[in-house]
Amino acid sequence: MEFNNLLIEKEGSVARLTINRPQALNALNSEVLGELACAFAGLEKDAEVKAVVLTGAGEKAFVAGADIKEMVEMNSFEGHAFGLNGQKTMLGIEKMKTPVIAAVNGFALGGGLELALACDFIYASEKAKLGFPEVTLGIMPGFGGTQNLARLIGPGRAKELIFSGKMIRAEKACQWGIVNEVFPGEELLPKAMETAAAIAATGQLGVGYAKDALVNGLNMTKEDGFRYEASLFGVLFATEDQKEGMRAFAEKRKAEFKGR
Ligand code: DAK
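Just so you know, this note's numbering puts 55 at position 55 of the sequence shown, and the rest follows in order with no gaps.
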């Protein structure tokens with residue numbers, strides 16, 4: 001499928017998805033949001049793809065937010081439709097079984113940070129700056145940012161970031177637990193691709209079910225989460241990959257997973 005604002009490149013079992021609108025610092029307009037939802041749905045169905053790295057084109061930005069110039073004159077119905085479109089994209093990433101790493105190569109602001117938070121984890125370059133400037137525009141985060149950030153780092157720091165609208169550097173975002181690791185700019189993508197390849201080399205079903213348990217378990221009581229985990233764990237024992245993984249261990253050879 002052809003996209004106007006996205007590039008998809010495959011390296012083995014890893015797909016690199018680049019938001020390619022550098023003239024607007026990769027800001028998310030309706031078209032980009034629609035293309036992202038469509039691209040992630042396609043990548044999830046692609047049996048060759050076992051992990052995805054999401055990044056932004058150009059030197060400056062991952063994504064500098066939702067497109068302010070598109071939003072400025074929206075009426076409330078259009079704003080609602082725009083919000084639903086964005087939430088569909090974010091939830092699509094969270095719900096897809098294929099893991100997604102955000103490689104934040106510059107500004108990740110507002111909807112851009114929400115997009116990164118919808119991914120499974122974030123790597124960032126040293127020069128990246130992250131924040132929620134929405135309150136400086138008279139709005140608030142609306143693509144799941146209030147929910148995802150507070151769940152990730154706790155309400156105190158989430159409130160500080162969201163209420164002040166200030167940007168923080170990658171190093172501080174790492175200390176706060178928003179970013180898993182910070183790299184010099186030129187190392188960011190190779191490191192993200194390396195981790196994605198390591199994930200892709202494992203049992204895809206186990207990874208997908210673990211993601212399912214983690215993402216959905218966060219919205220359950222601990223007991224329900226344990227029960228959910230146990231049921232997914234049980235299902236894996238009906239798969240060829242479980243037999244192959246354990247037999248390979250016993251036979252001292254590398255497992256050859258087939259995703260079934
Ligand atoms: N939207 C549109 N264009 C943007 C943009 C954005 N968010 N960010 C940057 N650009 C454009 C600039 O307008 C400029 O375009 P030209 O003037 O050259 O045509 C070009 O990108 C380069 O930007 P700058 O010239 O400003 O570059 P600087 O290095 O000087 O500054 C900056 C970089 C990132 C500090 C600055 O561009 C900036 O402050 N950008 C805006 C950041 C921001 O406020 N982001 C949050 C957007 S609000 C919703 C749910 C969610 C949302 C909305 C609705 N619903 C549920 C309905 C989400 C809202 C947001 O994300």
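Cβ atoms here follow ideal geometry from the backbone N, Cα and C, with glycine treated the same way.
Using CA coordinates, which residue listed in the options is at the minimum distance from residue i?
i: F288; options: S125, E126, G142 and A24; result: The question about residue 288 has no answer, for the chain in this structure spans 1 to 260.
i: G86; options: A66, M96 and K97; result: A66
i: F183; options: G106, E160 and I139; result: G106
i: D16; options: E134, L188 and R260; result: For clarity, residue 16 is Arg in the given sequence; the question names Asp instead. It is L188.
i: A57; options: P99, F82, A103 and M96; result: A103
i: Y123; options: V179, D241 and K129; result: V179
i: F3; options: E240, L33, E94 and G83; result: L33
i: V100; options: A248, K69 and E44; result: E44
i: W176; options: T221, G208, A250 and L130; result: L130
i: P190; options: V53, L36 and A173; result: V53
i: M96; options: L6, G185 and L205; result: L205
i: R260; options: R253, T239, K252 and E251; result: T239
i: V49; options: N216, E59, G208 and K172; result: G208
i: G79; options: M140, G112 and D224; result: M140
Would you say the beta carbon of residue i comes nearer than 7 Å to a heavy atom of the ligand DAK?
i: L236; result: no
i: G177; result: no
i: M90; result: no
i: G56; result: no
i: E134; result: yes
i: A170; result: no
i: A64; result: yes
i: P184; result: no
i: K60; result: yes
i: L109; result: yes
i: D212; result: no
i: I68; result: yes
Please state if the CB of residue j and the CB of residue i are separated by a distance shorter than 8 Å.
i: E9; j: M193; result: no
i: I162; j: L149; result: yes
i: L28; j: V63; result: yes
i: A197; j: V14; result: yes
i: A230; j: A51; result: no
i: G245; j: G203; result: yes
i: D212; j: L232; result: yes
i: S30; j: F77; result: no
i: A47; j: K88; result: no
i: G144; j: E114; result: yes
Is it right to say residue i is buried, meaning 16 or more other beta carbons lie within 10 angstroms of its own, or is it exposed?
i: D120; result: buried
i: T18; result: buried
i: S125; result: buried
i: L214; result: exposed
i: K159; result: exposed
i: N219; result: exposed
i: G154; result: exposed
- Task: Could you pull out every unbroken alpha helix (DSSP H) segment of at least 4 residues lying fully inside the region 86-119, listed in chain order?
- Result: 111-118
- Could you pull out every unbroken alpha helix (DSSP H) segment of at least 4 residues lying fully inside the region 35-88, listed in chain order? 68-71
- Whole runs of the alpha helix (DSSP H) within the region 146-226, excluding any shorter than 4 residues: 155-164, 170-176, 185-200 and 204-217
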